[in-house]
Amino acid sequence: MNSPGTEISELLARTALRDRAAFRTLYGRTSAKLFGVVLRILRDRSEAEEALQEVYVKIWQRADRYVAGSYSPISWLVAVARNHCLDRLRARKPLADELDAALEVADKAPDPEQSAVAGSERSRIETCLGALDADKADAVRGAYLDGYSYDELAERHSVPLNTMRTWLRRSLLKLRECLSA
Amino acid sequence: MSTQGHESDGSGEDKVLVGEYALGLLDAAEHERMARRIAAEPALRAELQLWRSQLSGLDAEFREEPPPPRVLEQLEARLFGTAARHRSGLWDSLALWRSLAAGGIAVAAVAVGFNVMQPPPIDPTQFATQLVAAIKAQEGFGVEFVALYNAATGEVRLTGLSGQAIPDKDYELWYIKGDEPAVSMGVIPVDQRSEIELDPQARSKFAPGTVLAVTLEQKGGSPTGVAQGPVVALGTATPI
């Protein structure tokens, strides 16, 4: 009941009750983290400030949608911030060239759905990324932490776009197998 | 060419697609298409949940950076000031919200089943004006309710699914509409069914999206009309 996660969870619940003081406290506790997220992905301070506002507007409006236990509350908040930034990035991009969703990816035996044991996610994802080639793990991190698109990843790794797609899709399959192993 | 069926078959193809979706690598059209599939296919929702919870293990790498104070000022002016409220972009993360709400859907289904067992309504159009809310337990509390609102009678029927009474405390039910503060609907028993008749003002507030919350209060409920105790359960009304 006294872990920081529980406290944020309670502040979220209070926010859903339209408790403005709780919302302000929630902002105080979490805004540095979420600003770190939007700043890193949007890479522009004034845009990040605007996006942060929009993120907290969403949190205010949607606090009741946080389902305790399914996700740590701070991860949920980070996901709201991250997805908001990605929506912004997608909206400002011209319609990207058509993605061939039918790229061949080897289909291994289906894994049973397994949820991760709470708290073990960090080591699990780190371990599984560690099992990939370093540059491929780097590309996955870049997509998650920096919001890089396939175009940007291809440029950063100096490979053609389609090569990057094939790489990353294969890496994701490997990663997925490892994550539920 | 691999086949792209309408239903997920748990294939590696779908797992990779959901992974790309979670990472944000799909372009706008693909992303939108995937969001619709995820909303429709529980297997993909579970897959998305797995990716997101696993990837969130990287969240520690986002370095904290305090935003300038003006952000909070502008935010509060925007939300609580007199300026017009911004509602655009509300549905941007539809898939996320849906995946998070997925847990509630099962309980709602139970409620519908429960409702069917009640004496049949005289007027079949009543079905169109019923709302259900799965009031799910908050972390650390095992209290869950299903609320069923019948607009024809203005009555909320409440069934406790789990939880127990606590000595010298009472559970209090609240509704929250839009940005207005929570309004008490009174103290509720946790271990038996109860019915609450809403006054006309409350009836006018009950609509899809109205939030119901249960707090743990001193005996007899909060004396101030404002919730004081912890929020033990929360849910949103949806039409059935």
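One line per chain: the protein sequences are A and B, in this order. Take our numbering: the final residue in the first sequence is number 181, and no numbers are missing along the way. Take our numbering: the final residue in the second sequence is number 421, and no numbers are missing along the way. From the three backbone atoms N, C-alpha and C, an ideal C-beta is built for every residue, glycine too. Source: prediction; values computed, not measured.
Item: 6 Å CB neighbourhood of ALA139(A) in its chain, flanking five on each side removed; Value: LEU153, LEU168
Item: Min CB distance ILE369(B) to chain A below 8 Å; Value: no
Item: Closest Cα partner of GLY341(B) within the set GLU353(B), GLU213(B), LEU256(B), GLN230(B); Value: GLU353(B)
Item: Distance, THR396(B) Cα to LEU37(A) Cα; Value: First, the amino acid is wrong: residue 37(A) is Val here, not Leu. Going from the Cα of VAL37(A) to the Cα of THR396(B) covers about 33 Å.
Item: Limits of the beta strand (DSSP E) - the one that TYR148(A) falls within; Value: From DSSP, TYR148(A) is part of no beta strand (DSSP E); its letter is neither H nor E.
Item: Chain-ordered chain B contacts of ILE125(A) [CB-CB under 7 Å]; Value: GLN235, LEU236, GLY238, LEU239
Item: Secondary structure of ALA394(B), DSSP reduced to three states; Value: strand
Item: With 16 other Cβ atoms within 10 Å as the buried cut-off, status of GLN345(B); Value: exposed
Item: Pairwise C-alpha distance: PRO404(B) and VAL80(A); Value: 36 Å
Item: Chain B residues whose Cβ lies nearer than 7 Å to that of SER9(A); Value: GLN319, GLU320
Item: LEU206(B) (DSSP reduced to helix, strand or coil); Value: coil
Item: Cutoff 8 Å: ASP146(A) Cβ touching any chain B Cβ; Value: no
Item: Contacting positions in the region 193 to 223 of chain B - beta carbon closer than 8 Å to chain A; Value: GLY193, GLU194, LYS196, VAL197, LEU198, GLY200, GLU201, LEU204, GLY205, LEU206, LEU207, ASP208, ALA209, ALA210, GLU211, HIS212
Item: Through-space distance from GLN61(A) to ASP360(B), alpha-carbon basis; Value: 8 Å
Item: Helix, strand or coil at VAL67(A) [DSSP, three-state]; Value: coil
Item: Whole-Å CB distance - LEU236(B) paired with ALA209(B), under 8 Å assumed; Value: In fact, because the Cβ distance is near 21 Å, the residues do not count as touching under 8 Å.
Item: Beta-carbon separation (whole angstroms), LEU26(A) vs TRP355(B), contact threshold 8 Å; Value: Contact flag wrong, Cβ pair sits at about 19 Å.
Item: Spatial distance of LEU198(B) from GLN399(B) (CA atoms); Value: 50 Å
Item: Proximity below 8 Å, CB of SER234(B) to CB of TYR71(A); Value: yes
Item: The region 27 to 36 of chain A contacting the region 244 to 254 of chain B, beta-carbon criterion three pairs below 8 Å; Value: yes
Item: Short Cβ contact (8 Å threshold) for VAL392(B) with ILE347(B); Value: no
Item: Cβ-based burial, GLU376(B) [other Cβ within 10 Å; buried from 16]; Value: exposed
Item: Where LEU277(B) falls, given that 16 or more other Cβ within 10 Å makes a residue buried; Value: For LEU277(B), the predicted structure reports a pLDDT of 30, less than 50, and the residue's modelled location is therefore unreliable. A value from the coordinates is still provided. Buried: at least 16 other Cβ atoms inside 10 Å.
Item: Interface partners of GLU49(A) on chain B, CB under 9 Å; Value: PRO248, PRO249, ARG251, VAL252, GLN255
Item: Beta-carbon separation (whole angstroms), GLN255(B) vs GLN53(A), contact threshold 8 Å; Value: 6 Å
Item: Closest residue to LEU379(B) among VAL371(B), GLY390(B), GLY335(B) (Cα-Cα distance); Value: GLY335(B)
Item: LEU229(B) at chain A interface by Cβ criterion, 8 Å; Value: no
Item: Contacting positions in the region 356 to 381 of chain B - beta carbon closer than 8 Å to chain A; Value: ILE357, ASP360, GLU361, PRO362, ALA363
Item: Where the region 404 to 419 of chain B meets chain A: residues whose CB sits under 7 Å from a CB there; Value: ALA408, PRO411, VAL412, LEU415, THR417
Item: Contact with chain A by ALA282(B), beta-carbon distance below 8 Å; Value: Because ALA282(B) sits at a pLDDT of 42, beneath the cut-off of 50, its placement in the model cannot be relied upon, and the following sentence gives the value as read from the coordinates. With 8 Å as the cut-off, ALA282(B) counts as an interface residue toward chain A.
Item: Cutoff 8 Å: TRP60(A) Cβ touching any chain B Cβ; Value: yes
Item: Chain E contact for LYS33(A) (CB, 8 Å cutoff); Value: Structure shown: chain E not included; protein chains present are A and B.
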